[in-house]
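Residue numbers (my numbering), protein chains in the order written: chain Y, 262 to 738; chain G, 262 to 738.
Okay, here's the thing in C-alpha cells:
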C-alpha cells in the first residue's frame with residue numbers, strides 16, 4: 262500500500278465543508294461518506310490530526326472532534342502511538358479498482374451534477390450551450406424523427422449523414438477524409454476511452470503532457486496504464502496523448518515544426534498518437550490556419566488518431582464526439598464501441614449532422630462570447646497572479662505567487678467557490694502552485710466568482726506558505 | 262497461441278459471400294479484409310483448404326483459388342507439409358486486444374450498420390421503435406429543450422427527473438427504490454460494461470449462463486475476464502451475470518425459489534450479481550407478477566445490481582439504460598461513467614423521463630405486436646425444428662434436428678439471410694446445434710426471411726451431417 266499524504270487525503274474530502282452545521286460535524290460527515298463510498302479503502306490509515314488540519318487549513322481541534330465522533334460511531338480505531346485507521350471489518354464486496362483517490366472526479370462530480378447549489382464553478386471546462394444559432398439548428402425535424410423511428414439499426418460506426426458531415430469538415434480544412442475514416446463516439450471522452458482500450462494493457466506506458474487533460478488521465482488509469490510525462494523516450498511507450506492546439510490546460514499551441522517531428526518519430530516506431538482537438542475550434546483571436554493544423558496533416562502512415570467533438574463549440578449535452586483514423590483502426594475501434602454502448606443515440610447524431618452547417622457561424626459566436634469573458638477574467642484576477650494570455654481554449658492557467666493551490670482550493674470551497682488545483686491536471690501531481698480557471702460563466706457569475714476567489718486568496722495568502730512539501734510528519738506514515 | 266479451428270475461422274469471415282463476383286474472388290476479398298482489419302492476427306495459420314471448404318460449405322477448389330490469389334498478392338505464404346499462414350511482415354501497430362475473433366460482433370456489425378442491404382436480419386435482437394404511442398411521447402417539448410439549453414451540467418448520475426422516474430417505476434413494482442440508487446447509462450450495454458470494469462480485473466472469473474447474451478460476454482472479455490458457465494461453484498468467482506426473466510436467448514424464467522437461493526448464496530459470499538432485466542418487460546402472455554420479480558426482491562445486503570433499459574420496450578436508438586444498486590456502488594460506478602463518457606445525452610434523458618408515463622401502455626403495445634410475430638414464426642418454421650414457446654422476450658431458441666448451425670448460417674448468408682448460430686451465445690462455443698431466431702420483423706420481411714431460411718435448410722440439410730466435432734484435421738494445428 263502506498264502511503265497517502267494528508268494533502269492527498271484532503272483531495273478525497275474535497276467538498277466536505279460544503280454543508281451545514283459546525284465544521285467538525287461536516288468533516289466527520291465527509292470522512293464517513295468517503296469511507297462508505299469506498300474512496301478511502303487503500304488509505305486505511307488516517308493522517309495525524311495535526312497534518313490533516315494543516316492540509317485542510319482548519320484548526321487541529323476540529324479534526325480531533327471529528328475523529329472522536331467517528332471513533333464513537335465505530336468507523337475508526339486508534340491506538341496510542343500508532344495513529345488512527347479505518348476499521349477493517351467495514352469491508353464488504355471486493356472491488357479491485359481504487360476509484361477516485363487522487364483523481365479530479367470527486368471534485369468534478371459535485372460540480373457536474375448539482376443543481377441550484379450556491380457554490381460557483383471555477384473548475385469544469387464546459388461552456389454554456391451555444392446561443393445565437395437559428396432555432397432549427399437545435400431541433401430535430403419531424404421528417405428526421407419519423408425516419409429514425411422507422412429503423413432498427415444501431416449504426417455502431419455512426420449515422421451515415423453525420424460521418425459524412427464530419428469527413429467533409431476535415432476536407433474543407435485541407436485534410437482529405439472519407440466517411441469510412443470516422444467513428445462517431447458518445448462525446449470525446451468515449452473516444453479517448455476506446456483508443457485507450459484498443460492499444461493499452463495493464464502496465465503499458467502512455468505518454469502525456471504535464472499538465473494534461475485529467476479526463477484522459479482517468480481513462481488511461483482505468484485500463485491500468487502507467488503514465489509518463491513528456492519529454493520521455495518513445496521506445497517503451499504504447500501510446501501518446503496530446504492536445505497540441507490550445508493545450509488543456511495551458512492554452513499553448515505546438516509549433517508546426519515540432520508537430521511534424523513528432524509525427525515522423527512516432528511513425529518510425531509505429532507508435533499511435535492521439536491528437537485531441539476538442540478545444541482546437543475555440544479560437545479567441547484571428548489565427549493563421551497553418552498554426553492550428555491537426556497532426557494528421559503530417560501523417561503519411563496512419564499513426565495519428567484525431568479526436569474531435571461538438572461539446573465545446575456547440576453543446577456538450579449532445580454527447581457527440583468522433584475519431585478520425587486509418588480505416589483498419591476504425592474497424593477495430595467499432596468492435597470495442599459495440600461492447601461499450603453499441604452505438605450513440607440516433608436523434609443526437611441526426612441533430613449533430615445538421616449542426617455542421619452552422620460550424621463557421623458557431624466558431625464566430627463562441628469567439629465573441631469567450632474572448633470577452635477571458636478579457637474580463639484576466640483583468641480582474643489578483644494582479645500578482647501570473648499567466649500567459651491564451652489565443653484559444655477555455656482557461657487561464659494561473660501561477661500563484663506563493664502557497665499550494667490545493668490548500669487554496671480548500672479555503673475557496675468555504676467561500677462558495679470550486680477551484681481546480683493544477684495538481685489535478687498532472688499525472689505526477691506536480692503544478693501544485695497553479696490553478697486552471699475557466700472563463701465560461703456569464704458576467705454576473707464570473708464577477709461573483711472572482712470576488713470569492715479574491716476573498717479566499719486574502720484569507721489564505723497573507724501568511725507564509727503553510728505547506729512545504731518534505732515535512733517529516735507527512736512522510737512518516 | 263491457441264489453435265483456431267476451421268469453423269471458428271469461418272465465423273470471422275461470416276459475411277464474405279455477401280458481395281458480387283465469383284465465389285473464390287469473394288472469399289479472397291473476405292480473407293484480405295479480415296487480415297487488414299486485424300481480425301486474424303492470432304490465427305496466423307490458416308486452416309487447410311479442405312477444412313475451410315467444409316466449414317464454409319463450398320468446394321475445395323474455391324478455397325484453393327482464393328489461397329493462390331492471396332499468395333500471389335503477398336498476403337499469404339505456404340510451405341509444403343507445413344500449411345499456409347499470414348505473412349508476418351504485414352504487421353504494423355501492436356494492438357494487444359484480439360478483437361472479434363470468436364465473437365458475434367463481425368456478424369452483427371454488418372447487420373447493425375447497413376442500410377438498404379438486401380440481406381434479411383434474423384440475427385439482431387432489436388425491435389422496431391414502438392408504434393402507437395402519442396406523438397408527444399417521442400418529441401421533446403420546447404420548454405424542455407430550452408431548459409436543457411440553459412445548463413452547463415453533465416449530470417453523470419443522470420438527469421434528476423429520469424432517475425426519479427426509474428425509481429418510481431421500481432417502487433410501483435414492489436421494490437422500494439430511491440433516485441439515489443439509480444445510475445443512468447448509455448444503454449444497457451454500458452451498464453454491463455461499467456459493472457464489469459468496477460468488479461473485474463484481468464484473469465478474474467465471471468459466471469454466466471450457457472447460452473448467454475453475447476454483448477455481456479464481449480464486455481467481460483474486453484476487461485480480460487475469464488468466463489465460466491453455470492452451474493459452477495461461487496467461491497472463485499468475482500461476478501455473476503444472469504438474465505433470469507425471459508432469458509436471452511432461451512426465453513425461460515428462473516423459478517422464484519431458485520432466485521431466492523441464488524441471492525442468499527451470493528450474499529453470503531459478498532458476490533455481486535447482475536440481474537439484467539433488459540427483456541423482462543417484454544411479456545408475451547399475461548404473467549403473474551410474482552414470476553417475473555427481480556432478484557433484488559430477495560436481496561437484503563445489496564449484492565444485486567439490476568440493469569434495465571428502454572431499448573426493447575420503447576426505442577433502442579435513444580440509448581437509455583440504467584443500473585439500480587446500493588448507493589455506495591452507484592457512487593463508484595459514476596466515477597467510471599465519467600471516464601467512459603462523462604454522462605448520457607441530456608435530450609435523450611429528458612425524453613426518456615417522459616416516456617415512463619407510457620410504460621404500461623408500451624408493455625401492452627409490445628405484447629400485441631410481438632406475440633403475433635412470435636406465433637407467425639413458430640407456425641412457419643420447418644416442422645422438424647424444435648423449440649419451447651417463450652412467454653416473453655424476442656426470440657425462439659431453436660434446435661436443429663441435425664447439422665451445425667454455423668454451417669447453416671454460411672449457407673443462409675448465400676440465400677440473403679443473416680442467422681445467429683447458437684455458438685455465438687455460448688462462452689464455451691457450445692450449442693452448435695441451435696439458432697436464435699428473433700420475431701421482430703414486420704410480416705412481409707418475416708415471411709420472406711422464413712422463406713429464405715427454408716431454402717437454405719433445404720440446401721443444407723438433405724445430406725448427412727457434414728461437420729462432426731472431433732475431426733483429426735481440426736485438432737492437428
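Think of the CB as a built atom: it goes at the ideal place given N, C-alpha and C, for glycine as much as any other residue.
Can you list the residues of chain G that residue 556(Y) reaches, using a CB-CB cut of under 8 Å? On the first chain, position 295 is the one that residue 556(Y) refers to. Ordered by position in chain G, no residue passes the 8 Å Cβ test against residue 556(Y), which lies about 16 Å from the chain.
Can you find the residues in the same chain that come closer than 6 Å, C-beta to C-beta, to residue 586(G), ignoring five residues on each side of it along the sequence? Locating residue 586(G) in the second chain gives position 325, where the first residue counts as 1. Same-chain partners within the cutoff: 566.
Candidates 348(Y), 689(Y) and 703(Y), of which the one nearest residue 482(Y) by Cα: Along the first chain, one-based indexing puts residue 482(Y) at 221. When each option's Cα is compared against that of residue 482(Y), the closest is 689(Y).
Chain-order list of residues whose beta-carbon lies under 6 Å from that of residue 662(G) (same chain, five-residue window excluded): Stepping through the second chain from its first residue, residue 662(G) is reached at position 401. 645.
Endpoints, alpha helix (DSSP H) assigned at residue 454(Y): As a working mapping, residue 454(Y) is identified with position 193 in the first chain. Start and end: 448-460.
Who are the near neighbours of residue 605(G) in its chain, counting only those whose CB is closer than 6 Å to its CB and skipping five residues on each side? The residue labelled residue 605(G) in the question sits at position 344 within the second chain. The answer, listed in chain order, is 445 and 447.
Residue 435(G): buried (16+ other C-beta within 10 angstroms of its C-beta) or exposed? On the second chain, position 174 is the one that residue 435(G) refers to. Per the 10 Å Cβ criterion, exposed.
Assign residue 706(Y) to one of two classes, buried (16 or more other C-beta atoms within 10 Å of its C-beta) or exposed (fewer than that). For the purposes of this step, residue 706(Y) is taken as the residue at position 445 of the first chain. Per the 10 Å Cβ criterion, exposed.
Within 10 Å of its beta-carbon, does residue 504(Y) have 16 or more other beta-carbons around it, so buried, or fewer, so exposed? Along the first chain, one-based indexing puts residue 504(Y) at 243. With 16 or more other Cβ atoms within 10 Å, it is buried.
Near-chain G residues of the stretch 682-708 of chain Y (beta-carbon distance less than 8 Å), N- to C-terminal order: 701
Report yes if the C-beta distance between residue 609(Y) and residue 417(G) is below 9 Å; otherwise report no. Numbered from 1 along the first chain, position 348 holds the residue referred to as residue 609(Y). Numbered from 1 along the second chain, position 156 holds the residue referred to as residue 417(G). No, they are not a contact pair.
Considering only residues of the same chain and omitting the five flanking positions on each side of residue 632(G), which have a CB-CB separation below 8 Å? What you label residue 632(G) is simply residue 371 of the second chain in a count that begins at 1. Within the same chain, residue 632(G) has close Cβ partners 545 and 546.
Backbone CA spacing between residue 499(Y) and residue 457(Y) [nearest angstrom]: Indexing the first chain from 1 puts residue 499(Y) at position 238. Indexing the first chain from 1 puts residue 457(Y) at position 196. In a straight line, the C-alpha of residue 499(Y) is about 10 Å away from that of residue 457(Y).
Continuous beta strand (DSSP E) stretch holding residue 681(Y): start and end: Taking the first chain and counting its residues from 1, one reaches residue 681(Y) at position 420. First-last of the beta strand (DSSP E) with residue 681(Y): 678-682.
So residue 479(Y) is in the alpha helix (DSSP H); what residue range does that whole segment cover? Taking the first residue of the first chain as position 1, residue 479(Y) is located at position 218. Looking at the DSSP string, the run of the alpha helix (DSSP H) that includes residue 479(Y) is 475-483.
Name the chain Y residues whose beta carbon is nearer than 9 Å to that of residue 390(G)? Here residue 390(G) corresponds to residue number 129 of the second chain, with the count starting at 1. By Cβ distance, chain Y contributes 409, 410, 411, 412 and 413.
Residue span of the alpha helix (DSSP H) that contains residue 533(Y), given as start and end: The residue you call residue 533(Y) lines up with position 272 of the first chain. Careful: residue 533(Y) lies outside any alpha helix (DSSP H) and carries neither H nor E.
Using DSSP with H/G/I as helix, E/B as strand and the rest coil, what is residue 288(G)? By 1-based counting over the second chain, the position of residue 288(G) is 27. Note: residue 288(G) maps to helix in three-state DSSP.
With a threshold of 7 Å on Cβ separation, who are the neighbours of residue 692(Y) within its own chain once the five nearest residues in sequence on each side are excluded? Taking the first residue of the first chain as position 1, residue 692(Y) is located at position 431. These residues qualify, in order along the chain: 472, 683, 684 and 686.
Please list, in chain order, the chain G residues whose beta carbon lies closer than 7 Å to that of residue 483(Y). Here residue 483(Y) refers to the residue found at position 222 of the first chain. 458, 597 and 600, listed in chain order.
Give the DSSP bridge partners of residue 445(Y), in chain order. Locating residue 445(Y) in the first chain gives position 184, counting from the first residue. DSSP, once it has assigned bridges, lists 583(Y) as partnering residue 445(Y).
Residues bridged to residue 502(Y) by DSSP? Start at 1 with the first residue of the first chain, and residue 502(Y) comes out as number 241. In DSSP, residue 502(Y) forms a bridge with 469(Y) and 535(Y).
Name the residues in the stretch 432-456 of chain Y whose C-beta lies less than 7 Å from a C-beta of chain G; which are they? 447, 448, 450, 451 and 454
Anyone know if the C-beta pair for residue 345(G) and residue 284(G) falls short of 9 Å? For the purposes of this step, residue 345(G) is taken as residue 84 along the second chain, with counting starting at 1. For the purposes of this step, residue 284(G) is taken as residue 23 along the second chain, with counting starting at 1. No, the Cβ-Cβ distance between residue 345(G) and residue 284(G) is not below 9 Å.
Pick out whichever of 637(G), 543(G) and 714(G) has its Cα sitting closest to the Cα of residue 666(G). Reading the second chain from its first residue, position 405 is the one you call residue 666(G). Checking every option, the nearest Cα to that of residue 666(G) belongs to 714(G).
Tell me the residue span of the alpha helix (DSSP H) that contains residue 608(Y). Numbered from 1 along the first chain, position 347 holds the residue referred to as residue 608(Y). From DSSP, the alpha helix (DSSP H) with residue 608(Y) extends over 607-616.
Would residue 420(G) and residue 616(G) be called neighbours here (beta carbons separated by less than 9 Å)? The residue given as residue 420(G) occupies position 159 in the second chain. The residue given as residue 616(G) occupies position 355 in the second chain. Going by C-beta atoms, residue 420(G) is not nearer than 9 Å to residue 616(G).
Are the C-beta atoms of residue 630(G) and some chain Y residue less than 9 Å apart? For the purposes of this step, residue 630(G) is identified with residue 369 of the second chain, where counting begins at 1. No, its Cβ sits nowhere closer than 9 Å to a Cβ of chain Y.
Identity of the residue in 711(Y), 622(Y), 562(Y) and 601(Y) nearest residue 635(Y) by Cα: The count along the first chain starts at 1 and reaches residue 635(Y) at position 374. Out of 711(Y), 622(Y), 562(Y) and 601(Y), 711(Y) has the C-alpha closest to the C-alpha of residue 635(Y).
CB-CB length for residue 717(G) against residue 669(G), believed under 8 Å: Here residue 717(G) refers to the residue found at position 456 of the second chain. Here residue 669(G) refers to the residue found at position 408 of the second chain. That pair is a contact at about 6 Å.
Listed from N- to C-terminal order along the chain, which residues in the stretch 494-517 of chain Y have their beta-carbon within a distance smaller than 8 Å of any beta-carbon of chain G? 499
Output needed for residue 511(G): all residues of its chain with C-beta closer than 7 Å, excluding positions within five of it in sequence on either side, in chain order. The count along the second chain starts at 1 and reaches residue 511(G) at position 250. So the list reads 472 and 658, once near-sequence residues are dropped.
Using CA atoms only, rank isn't needed, just tell me which of 530(Y), 525(Y), 570(Y) and 548(Y) is closest to residue 537(Y). On the first chain, residue 537(Y) is found 276 positions in, with the first residue counted as 1. The shortest Cα separation from residue 537(Y) among 530(Y), 525(Y), 570(Y) and 548(Y) belongs to 570(Y).
Run the CB neighbour count on residue 465(Y), radius 10 Å, all protein chains shown included, and call it buried at 16 or more, exposed below. For the purposes of this step, residue 465(Y) is taken as the residue at position 204 of the first chain. Counting Cβ neighbours within 10 Å, residue 465(Y) comes out buried, since at least 16 surround it.
Which partner residues of residue 695(Y) appear in the DSSP bridge assignment? For the purposes of this step, residue 695(Y) is taken as the residue at position 434 of the first chain. In the DSSP output, where bridge partners are listed per residue, residue 695(Y) has 660(Y).
Please determine, among 572(G), 704(G), 628(G) and 309(G), the residue with the shortest C-alpha to C-alpha distance to residue 640(G). Your numbering for residue 640(G) matches position 379 in the second chain. Per the Cα distances, 704(G).
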